[in-house]
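Colleague: Below is the structure I would like to discuss, written out as structure tokens.
Protein chains: 2
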Amino acid sequence: MADAAVRPKKPATNKRTPAGGAPTAAHSAAETADARIDVDAVTDLLLGTWADTRREAREMIKDPAFWRVDGMPMAEHRERVLSQLHLLVQHGGSQRAFPKEYGGLDDNGANLAGFMELVLADPSLQIKSGVQWGLFGSAVYQLGTEKHHAEWLPGIIDLTIPGAFAMTETGHGSDVAAIGTTATYDPETEEFVIHTPFRGAWKDYLGNAALHGKAATVFAQLITGGVNYGVHCFFVPLRDDEGNFLPGIGGEDDGVKGGLNGIDNGRLHFDQVRVPRFNLLDRYGQVAADGSYTSDIDSPGRRFFTMLGALVQGRVSLDGAATTGTALALYIALTYANQRRQFDSGAGTDEIVLLDYGKHQRRLLPLLAQNYAQFFSNDELLKKFDDVFSGRGDTPEAREDLETLAAALKPLSTWNALSTIQEAREACGGSGFLAENRMVGLHQDLDVYVTFEGDNNVLLQLVGKRLLSDYAKQFKGKDAAALARYAVGHTAGKVFHGAGLRQLGQAVTDLGSTARSVELGLRADQQQELLTERVQQMVADVAGALRPASKLSPGEAAKVFNLHQAELIEAARAHGELLQWEAFTDGLDRVEDAGTRQVLTWLRDLFGLHLIEKHLAWYLIHGRLSTQRAAAVSRYIDRLTARLRPHAQDLVDAYGFAPEHVRAPIASGAEQARQDEARDYYAALHASGDAPVSEKSLKKR
Amino acid sequence: MADAAVRPKKPATNKRTPAGGAPTAAHSAAETADARIDVDAVTDLLLGTWADTRREAREMIKDPAFWRVDGMPMAEHRERVLSQLHLLVQHGGSQRAFPKEYGGLDDNGANLAGFMELVLADPSLQIKSGVQWGLFGSAVYQLGTEKHHAEWLPGIIDLTIPGAFAMTETGHGSDVAAIGTTATYDPETEEFVIHTPFRGAWKDYLGNAALHGKAATVFAQLITGGVNYGVHCFFVPLRDDEGNFLPGIGGEDDGVKGGLNGIDNGRLHFDQVRVPRFNLLDRYGQVAADGSYTSDIDSPGRRFFTMLGALVQGRVSLDGAATTGTALALYIALTYANQRRQFDSGAGTDEIVLLDYGKHQRRLLPLLAQNYAQFFSNDELLKKFDDVFSGRGDTPEAREDLETLAAALKPLSTWNALSTIQEAREACGGSGFLAENRMVGLHQDLDVYVTFEGDNNVLLQLVGKRLLSDYAKQFKGKDAAALARYAVGHTAGKVFHGAGLRQLGQAVTDLGSTARSVELGLRADQQQELLTERVQQMVADVAGALRPASKLSPGEAAKVFNLHQAELIEAARAHGELLQWEAFTDGLDRVEDAGTRQVLTWLRDLFGLHLIEKHLAWYLIHGRLSTQRAAAVSRYIDRLTARLRPHAQDLVDAYGFAPEHVRAPIASGAEQARQDEARDYYAALHASGDAPVSEKSLKKR
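Here the protein sequences line up with chains G and E, keeping their order.
Per the numbering used here, the very first residue in the first sequence carries number 899; after that it's consecutive.
Per the numbering used here, the very first residue in the second sequence carries number 899; after that it's consecutive.
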């Protein structure tokens, strides 16, 4: 089956009528004259700034040794993924992020771009790599100093030290500041004593903890001289060369999970485990031999967030991997929908190709538009990340912007991944439920992306708080006209690039005015106005609602905040959606080919209107759209999906996936062959004169 | 772990303050005086008409032999589930639906009620039982005649004949009428020749086909005398006693699936396989020895739908199983949310219990309300089913109503299952992703419920067409005032009971009038008006849009229909939601205890407002709600969720699950014990005087 599934298909070219009989040809004379996209150029656009690295990674994972094997028992799957990590090392896949003196390439953007693509091979491979090099390795690199790099980075890069990233505890997930594990300094022996004082303080859900980890970067409350200096990170050896836990260390296997079963997640506990003072990763806080504590960052809160911020790459990486995984599901479902036929129209014609159904277009094409937007916003995020981590643009403000941006985008792309993959799987019916067609496996593996590396709701709440605090700053001693400036201050130009923002064409107006014809649809500037105003208004509303809280006791203030928690999260989501929309729009500016630009503009419009439709009640309640105009939104979406339908295959071909990445029999052309065979059979039967007549036709006589 | 997971918890009683420290106690003095539900009485209410059978089934599956084992390799899981089916036979679980002369109990409602509960043990067990007795066995019973019953039912009931239900083909899922398999009568030998003429005609996704099936009920186009009489069902032996395919029969294993891997789904193909004339299940169509065809039902279309309708029980059963599976996920997530703490409020207090967060209430409690509604509507569906299949109320109209009702409810409950289980899993963070906590397994297994036994969108389209045709009938030669009558003609009273419908209190009015205070909220009659009017208006709108199509060619008419396909499906969904709401409301009438009635009324209101909020844009665009009133809907939901919060544990306790049904460590009380241990540790540390001071407090000095 695998062989059939990966057999080469037509190369992705810009032919008007693709080979292989795929029904992407124009449906009417008018459409034939329509624009078509330049598929290869769009692939370049989607692969973005680090396209070369992505292509390199995609080439590497054409090797079946990297592929997920459905139904493989957990124990075997875990060993397979470990061996894949060694293969990655051989291919140089683990070096990109690390400094040159340890064999690295010091290329942060490329590093994440390369890792994201591994999701196409096996998400367990992507995440286990992320544990080893993105979390464990990064903790040593980003939180440690040169002495630590020299000691451990070579072994981390070449995987002689597989490691766990021991931050999360059973009792504390996203609230890292409250973890219970302690690291108490003993000046007598110049050691830290690592200890988990109760069951809730056990480290949990850690990749590499159940089996393979030889060491861990353990986050613990640093206590010295009777003072708790807050969460710091320590390098703690876990197992001896035979794989046995070292004295004082124990653990449990997390067992079977909903997905990612190629990773050996587990729990760790520490009973007064002593590590040398050397093992404190002390870039942001140092303990001298006598136990005295020093740090360049005076504020404990800012120090904590600086340390956590150094690990932002996980979220950047998940945003990209979720986007690529979603693209794969869309490729499979739309390719199948372009070949599969079901039900005749009642007009005695052939059975209808699924994608010709209005409902089928409606359920899949807006998700395709959304996924395109995510490719553009992820590339912006990646550029921002590279800018900060390369040191070129490394300021505290830029770091804070990067963290907010990652916290805004990762929730949206990971949730969208689950809903899109699910819709794609349902759109393929029973065949979508077979593991061989990939979508159920993608859903299972990507499920946890929405709650790890920061629970999505917690991340959006962080973004919301940032929006609120910026809002408050803006108004400190200023007049009400600052509101408009505030709004544009949060567009993509500002957030992605820190300056040079796009000015709105005009002030807020009722877009429902009859002066503008509904038939013109909702143009780009109107989409932007609507999306921007929504963020602005929602933040202003929450800020207004919370204002009385400043005069209350902390307990009462918390209650008021709690009443508006859901709204604040919604505001943050609206902010993320705006960023995605603007990234897509900025991407359009880089398109030269007129046909491509036309089709992608429709797709961007579909994304914008899809967002507006999703929040239509809000626009109506807040008087931003008249009912007449609101009703037009859905009709315009219908028109756009119909217009985009002939381009659907081109648009998913532009993802640039090779058969070795897709591997789903239903998207291999097998369905087209079955349809052709069935139709040939009936044609031949008809021609032979042996075809039975239908009872119905008999009754009519 | 399993032992801890199933350790007995407090019995579900109606105590004001439950034992075990679960924080369901009232939060304020006012709340203490509030109503509380009578948990046992609510359990009776939810278990419905066949409560005794459900309790019997739940008692049986307390035996660990029935439980799903996470991570079990597919081959082993398949054998385990087969052995569970034999266990079921020993417990008499397979007899209820069948006639007394073959050892059955002739009790259709009880039969389905019992099977639904199996989802708590292992959904693979529920579905494989459904394949054997609900589909394969039912086909023989419902489509065959006495001679077939005598020949095969005993072996089907006692599982000496495990069988597959061979309807679906690779090339045709929900469009059964178009299947390619043929059964051509040969008068020479008095045999039918079963043949799959091309790959797309292979039977696919069939439980029992890959391994265990000794026979199959095969659906094929019946051809005799050169005439195709449409789809009929044939009993076809598949394998010999050694498990080898009989001559002419072949197949493939469907392999690993997204879930339900305890079932051996597979493909079957037939190469001119001959079966005796006897093997035509001929209740609705007979072929004489000479090949002449007879049927009591003259219309080929009506005959086809009658045969398919005889198999409606699968959909009824899925509606119930999805509802029960959803309840389990809600039990787990809400119990955990009532014990788990995360983040302090910033006011120096204890960390906050998850369910005290506004967002957490908002994400889970409306889904709880929805699930309650489904219990009530499923019981109505089950009663209707029992009425028809017992023969008490078996008229063509009642059958058609039953099929429409099942087609309306199954999509909603199965989709709700997936979205609710997913939300529940996310609400439990990382622990929700562990297989031991059940939710990921439930999602994986129930995933395919949304596309099998009729794809949900296809089913809703059927419902939509029924609504349209009823609408057309209503207006034939009548005045416009019939519109209002049409609307009430589709309320639950009519649909569930065929008569005696609830009259709307008053005519359609603008509910946004200032005369009614927003503060009064949206009362029951207003909820009903809004939900009912929406169905009416949507159907009327689609009917209006399709009216011109009657004058077009079939091809052009199909195009017009296609433009409105998505809207028609939405109208059908609105209809199903109304039915659920009305079933819940009818259920309230049966509640005597005032406290219970109060709390359940809030819950029903939450469900109603949740639906209205979901469709708020529609209500605004169509002038059914003023913007002021629309804005109040969300605020009222916030108030309701806060009001229901203290009752959440009681409401999920009322599902009546025993620890052997739940089996999730996080809902076993282990989390409460961890929280208590951590707080005791910190209290003792504080009391000892050895607690480190925080750096922050040091800086303040």
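Just so it is clear, CB atoms sit at the ideal spot from N, CA and C, and this is done for glycine as well.
1. For a cutoff of 9 Å on Cβ pairs, would you count L852 of chain E as touching chain G?
2. Expressed to the nearest angstrom, what Euclidean distance is found between the alpha-carbon atoms of E1351 of chain E and E1044 of chain E?
3. Can you have a look at F1143 of chain G and say buried or exposed, based on whether 16 or more other CB atoms are within 10 angstroms of its CB?
4. For D1180 of chain E and chain G, any beta-carbon pair shorter than 9 Å?
5. In whole angstroms, what is the alpha-carbon distance linking W1313 of chain E and L1344 of chain E?
6. With respect to the alpha helix (DSSP H) encompassing V987 of chain E, which residues constitute its N-terminal and C-terminal limits?
7. How big is the Cα-Cα spacing for K1308 of chain G and N1269 of chain G?
8. Under 9 Å between C-beta atoms, does G1111 of chain G make it to chain E?
9. Name the chain E residues whose beta carbon is nearer than 7 Å to that of P1590 of chain G?
10. Please return the same chain residues whose Cβ sits closer than 7 Å to the Cβ of G1410 of chain E, not counting the five positions on each side in sequence.
11. Can you name the residues of chain B whose CB is closer than 7 Å to the CB of T1204 of chain E?
12. L1010 of chain E and T1115 of chain E - do their beta-carbons sit closer together than 9 Å?
13. Would a C-beta distance cut-off of 9 Å place A1305 of chain G and W1479 of chain G closer than the cut-off?
14. What is the residue span of the alpha helix (DSSP H) that D1217 of chain E lies within?
15. Identify which residue in G:D1139, G:L1120 and G:F1168 has its Cα closest to the Cα of K1101 of chain G.
16. Determine which residues of the region 1152-1164 of chain G have a Cβ less than 8 Å from any Cβ of chain E, and write them out in chain order.
17. On a Cα-Cα basis, can you pick out the residue from G:S1595, G:I1564, G:Q1496 and G:T1094 that is closest to I935 of chain G?
18. Looking at the structure shown, is G1396 of chain E part of a helix, part of a strand, or coil, going by DSSP?
19. Kindly indicate which three-state DSSP category Y1384 of chain G falls into: helix, strand or coil?
20. Could you work out which residues of chain G lie near M972 of chain E, taking near to mean beta carbons separated by less than 7 Å?
21. Relative to the alpha-carbon of V1214 of chain E, which residue among E:Q1435, E:D938 and E:N1276 has its alpha-carbon at the smallest distance?
22. Going by C-alpha distance, which of G:G1153, G:L1509, G:R1137 and G:V1154 is nearest R1147 of chain G?
23. What is the residue span of the alpha helix (DSSP H) that L1051 of chain G lies within?
24. Can the beta-carbon of Q988 of chain G be found closer than 9 Å to that of F964 of chain G?
25. On the three-pair Cβ rule with 8 Å, is the region 1459-1471 of chain E touching the region 1435-1446 of chain E?
26. Between V1406 of chain E and V1531 of chain G, what straight-line distance do the alpha-carbon atoms span, to the nearest angstrom?
27. Enumerated in chain order, which unbroken segments of the beta strand (DSSP E) with a length of 3 residues or greater are wholly contained in the region 1109-1182 of chain G?
28. Checking contacts by CB at 9 Å: is H1070 of chain G closer than that to chain E?
29. Of the choices G:P1590, G:H1559 and G:S1448, whose alpha-carbon is the least far from that of T1222 of chain G?
30. Are there 16 or more other CB atoms within 10 angstroms of the CB of D1217 of chain E, so buried, or fewer, so exposed?
31. Assuming A1062 of chain G and L1166 of chain G are in contact, meaning their beta carbons sit under 8 Å apart, how far apart are those beta carbons, in whole angstroms?
32. Since A1333 of chain G and G1153 of chain E should fall inside the 8 Å C-beta cutoff, what is the C-beta to C-beta distance between them, to a whole number of angstroms?
33. Start and end of the beta strand (DSSP E) containing D1084 of chain G?
34. Could you tell me which of G:G1339, G:Y1191 and G:L1280 sits nearest to L1596 of chain E, measuring between CA atoms?
35. Below 6 Å CB to CB, which residues in the same chain sit around A955 of chain G once its five sequence neighbours on both sides are set aside?
36. My guess is that V940 of chain G and A1552 of chain G are in contact by the Cβ rule of under 8 Å, so how many angstroms apart are they, rounded?
Modeller: If we stick to the structure as given:
1. Nothing about residue 852 of chain E can be read from this structure; chain E reaches only from 899 to 1599.
2. 26 Å
3. exposed
4. no
5. 9 Å
6. M972 to Q988
7. 13 Å
8. no
9. I1121, G1124, V1125 and N1126
10. The pLDDT assigned to G1410 of chain E is 35, lower than 50, so where the model puts this residue is not dependable; a value taken from the coordinates is nonetheless given after this. L1523, S1524, Q1526 and R1527.
11. No chain B is part of this structure, whose protein chains are labelled G and E.
12. no
13. no
14. Q1211 to A1235
15. G:F1168
16. D1152, G1153, V1154, K1155, G1156, G1157 and N1159
17. G:Q1496
18. Below a pLDDT of 50, predicted positions are generally treated as unreliable, and G1396 of chain E, at 42, falls in that range; the measurement from the model is reported next regardless. In the structure shown, G1396 of chain E sits in coil (DSSP, three-state: anything other than H, G, I, E or B).
19. At Y1384 of chain G, the pLDDT of 49 sits below 50, so the modelled position is not reliable; the number obtained from the coordinates is stated separately. Here Y1384 of chain G sits in helix by DSSP.
20. G969
21. E:N1276
22. Checking the sequence shown, residue 1147 of chain G turns out to be Ile, not Arg. It is G:R1137.
23. E1044 to I1055
24. no
25. yes
26. Below a pLDDT of 50, predicted positions are generally treated as unreliable, and V1406 of chain E, at 31, falls in that range; the measurement from the model is reported next regardless. In a straight line, the C-alpha of V1406 of chain E is about 26 Å away from that of V1531 of chain G.
27. 1113-1122, 1125-1135, 1147-1151, 1164-1168 and 1171-1174
28. yes
29. G:H1559
30. buried
31. 7 Å
32. 6 Å
33. T1080 to D1084
34. G:Y1191
35. G1012 and E1015
36. 4 Å
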